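J.:
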Amino acid sequence: MKLIDKNLYYVGGVVRDEILGLESFDIDLCYEGNAIDFAQTLDVIKTNSDFGTVRVVVEDKEIDIASTRCESYPKKGHLPVVNNIGCSLKEDLSRRDFTINALAKNTVSGEIVDFFDGLGDLKNKKLKVLHDKSFIDDPSRIIRGLKFAIRFDFELDRETKKLQDEYLANINYDMSYHRIKKELKETFNLNSYNAYEKFVNENIYKLLGENQTPKKIDSRVEELIKRYNPESVWLIYMGLYDLSNFELTTSEKSIVEAYEKVCNLKFNTDYDVYKAFEEIPLEAVLMYGISINYDVAINYLESISKIKIEICGDDLQDLGIKPGKVYKEIFDYILRKKIETPSLDKKDEINLVREKYL
Ligand code: ATP
9 MKLIDKNLYY VGGVVRDEIL GLESFDIDLC YEGNAIDFAQ TLDVIKTNSD FGTVRVVVED
69 KEIDIASTRC ESYPKKGHLP VVNNIGCSLK EDLSRRDFTI NALAKNTVSG EIVDFFDGLG
129 DLKNKKLKVL HDKSFIDDPS RIIRGLKFAI RFDFELDRET KKLQDEYLAN INYDMSYHRI
189 KKELKETFNL NSYNAYEKFV NENIYKLLGE NQTPKKIDSR VEELIKRYNP ESVWLIYMGL
249 YDLSNFELTT SEKSIVEAYE KVCNLKFNTD YDVYKAFEEI PLEAVLMYGI SINYDVAINY
309 LESISKIKIE ICGDDLQDLG IKPGKVYKEI FDYILRKKIE TPSLDKKDEI NLVREKYL
């Protein structure tokens with residue numbers, strides 16, 4: 009059974025992606041009217057009457073259906089307030105970010121509904137906001153614009169670029185940083201140096217908060233990330249900035265703190281590098297590489313970090329050294345020697361212990 013109704017529409021990204029010939033991440037359905045009433049005869053598993061949304065199961069698949077709704081922004085830059093559930097499809101589409109995301113497709117007739125020439129903008133590869141106050145209402149749309157520009161190789165339409173410049177020259181910092189973070193993650197998880205250049209050149213970095221300064225990074229960042237495959241890609245780019253406006257998870261915090269600790273260190277020897285990087289997250293090493301010294305980070309990842317000493321506690325006992333604090337000191341001494349001369353084998357290590365400790 010397919011979920012169809014003459015008032016039911018595919019909306020947003022799914023329509024855009026189908027026209028672009030791309031696979032969609034998720035399918036958004038919108039019912040012109042009240043979706044909760046519409047779903048009464050279906051297998052409903054969850055409803056949210058404040059937003060007029062409902063989750064149903066069709067052929068073992070969970071599908072979300074939203075009611076058409078109007079939104080307003082009484083507090084600019086913060087979450088909108090829903091004013092009218094069950095409004096017209098046109099009103100619903102007019103609250104969206106860009107014309108290419110304000111398309112709908114009827115589930116029965118397959119007709120594309122296009123009130124704002126989203127089809128024209130898709131063809132011309134343009135990102136155009138629906139009204140002049142769009143970025144004032146929700147500045148996270150600026151980062152969404154950057155994300156779509158990179159994903160689809162689109163450009164901001166001239167007027168939209170002007171609105172973006174105007175907003176960035178006069179930011180209202182009292183905004184929802186939660187939304188900004190979500191979009192930053194999605195954008196910089198794309199691992200695009202090009203996105204980063206636009207972020208800096210177009211002053212989008214100013215959205216991170218007051219008194220930020222743009223940071224220069226090494227253009228080899230993309231290949232570095234591809235080679236080492238870290239989990240938090242976005243943070244390698246964004247962690248260079250002051251993120252105090254954002255709520256970070258424990259692991260995100262530990263990455264940022266580790267980077268802050270190492271970014272001002274001066275290294276005299278490879279052993280210093282080893283000791284500074286050995287227990288910090290990979291992301292922090294990569295951040296050091298793109299912002300402070302690429303060669304030092306690569307040297308650590310490719311060779312220094314792979315150096316391991318071969319002797320163990322049993323070997324020290326065999327030499328007659330009693331277990332105790334001294335073991336750590338010995339292992340550290342051998343490690344230092346091995347980093348200086350990686351060709352040392354186990355016999356050499358034992359000889360070094362003999363020379364110094366027996
Ligand atoms: P993706 O492929 O990244 O999922 P998407 O367009 O589906 O792209 P979503 O974040 O899932 O993006 O949002 C779904 C739809 O909701 C968008 O297509 C757009 O119409 C609308 N939308 C999302 N975020 C905003 C926003 N900040 N302001 C206005 N409309 C938005």
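Using my numbering, read the sequence shown as starting at 9 and increasing by one per residue. Backbone N, C-alpha and C define an ideal beta-carbon position, used for all residues, glycine too. Given the structure is predicted, the values throughout are model-derived calculations rather than measurements.
1. With DSSP as the reference, please indicate the residues paired to Cys95 in a beta bridge.
2. Quick one: what's Leu80 bridged to in DSSP?
3. Per DSSP, which one or two residues make a beta bridge with Leu164?
4. To which residues does DSSP link Arg362 through a beta bridge?
5. Cβ atoms of Leu111 and Val23: under 7 angstroms apart, would you say?
6. At 4 residues or longer, and completely inside the region 148–204: list those alpha helix (DSSP H) runs for me, N to C.
7. Where DSSP assigns a beta bridge to Asp36, which residues make up the other side?
8. With a threshold of 6 angstroms (Cβ to nearest heavy atom), would Phe33 be considered close to the ligand ATP?
9. Can you give the Cα-Cα distance for Leu343 and Arg228, rounded to whole angstroms?
10. With 7 angstroms as the threshold, decide whether the Cβ of Ile35 is near any Cβ in chain D.
11. Assuming contact is defined by CB atoms lying nearer than 7 angstroms, are Tyr308 and Phe275 in contact in what I supplied?
12. Whose CA, out of Gly321, Asp326 and Tyr341, lies closest to the CA of Gly332?
13. Smallest Cα separation from Thr195: which of Ile151, Lys234 and Lys223?
14. Taking one C-beta from the region 302–318 and one from the region 260–271 each time, how about it: are there three or more such pairs within less than 8 angstroms?
15. Taking the beta strand (DSSP E) that Ile53 falls in, what are its first and last residues?
T.: Straight from the coordinates:
1. Per DSSP, none; premise fails for Cys95.
2. The amino acid at residue 80 is misidentified as Leu; the sequence shows Ser. In the DSSP output, where bridge partners are listed per residue, Ser80 has Val89.
3. Leu135
4. In DSSP, Arg362 forms no bridge with anything.
5. yes
6. 148–160, 166–177 and 185–196
7. Val19
8. yes
9. 31 angstroms
10. The question asks about chain D, but that chain is absent: this structure has only one protein chain.
11. no
12. Gly321
13. Ile151
14. no
15. Asp51 to Asn56
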